[in-house]
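Residues -10 to 157 (our numbering) make up the sequence shown, in order.
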Amino acid sequence: MTSVVDIILIVAAGAAGGILLNRTGFPGGGLIGAMVAVMLFKALKGADITLPSNVKLAVEILIGITVGTMYYPGMLLELKRLAGPILVSSSLLIVLGFVIAIIYARFGLLDSSTAFLGTNPGALSAMIGLSTSIDAQTPLVLAFHFTRIVLVILTAPFLLKLFNYLMR
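Here it is, written out as structure tokens:
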């Protein structure tokens, strides 16, 4: 069983890591910094420290609240106007992720829940929250989405220039 002291230390490590990476301006720095700091803390301590289920639920609720606050009144009008393109592009990404997840699960690379959540698009924080609630391998889901975010950030400037060049 995880002690109260371990929980306090994990929260402190996560807060420090989140604040530090957030200050660098790294996208998702608060979330990613906290996760990396906690993983490092656990690796250094050499213990399997887990949070109680009520703490996990509180975090899931906070993630849901955070995502919900991204809504704004004019959003529905924008969504109505762009519903077709949004649904087509989102559906294609989901189908592609689904196919890749099937391949990974069939070949035994990942369990089905981890494969599905790791290969499908979604906000990092939301996918991590979902992965903890369905017992997927959260660190692997994190690895997939973290890598995706980093690759998008690193390649976006080049690909945007190429895209604009091709659209002339």
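Glycine included, every Cβ here is placed at the ideal spot set by N, Cα and C.
- In this model, I83 and G73 are separated by some 15 Å (Cα to Cα).
- DSSP places I83 inside the alpha helix (DSSP H), whose first and last residues are 72 to 95.
- Judged by DSSP secondary structure, L149 falls within the alpha helix (DSSP H) whose first and last residues are 127 to 155.
- When DSSP states are grouped into helix, strand and coil, L40 belongs to the coil group.
- Excluding sequence positions up to five before and after L106, its CB lies within less than 7 Å of the CB of M116, L119, S120, A125, V130, all in the same chain and listed in chain order.
- Judged by DSSP in its simplified three-state form, A112 adopts coil rather than helix or strand.
- Burial state of A104 is buried, judged by a 10 Å Cβ sphere holding 16 or more other Cβ atoms.
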